[in-house]
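Heads up: the structure comes next, in structure tokens.
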């Protein structure tokens with residue numbers, strides 16, 4: 003494999019791992035009413 007491509011893939015793999023770890027942290031953080039999604043479609047029931 004081309005060295006540049008290999009380096010790029012290794013960097014991507016590292017970044018994806020960091021993102022996944024961050025997501026795990028967020029999911030494990032208990033929400034005691036302080037954390038609110040900013041997307042209104044999630045917070046409000048769909049208006050038909």
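In the numbering used here, the protein residues as written are 3 to 50. All C-beta atoms, glycine included, are put in the ideal place defined by N, C-alpha and C.
Item to check | Simplified DSSP state of residue 4, which is helix, strand or coil | outcome: On the chain shown, position 2 is the one that residue 4 refers to. Three-state result, residue 4: coil.
Item to check | Coil, strand or helix - residue 21 by DSSP | outcome: Residue numbering aside, residue 21 sits at position 19 when the chain shown is read from its first letter. Note: residue 21 maps to helix in three-state DSSP.
Checklist entry - Do you know offhand how far residue 28's Cα is from residue 10's? => result Numbered from its first residue, the chain shown carries residue 28 at position 26. Numbered from its first residue, the chain shown carries residue 10 at position 8. Their Cα atoms are separated by approximately 27 Å.
Checklist entry - residue 14 by DSSP, collapsed to three states: which one? => result The residue labelled residue 14 in the question sits at position 12 within the chain shown. In the three-state DSSP reduction, residue 14 falls in the helix class (H, G or I).
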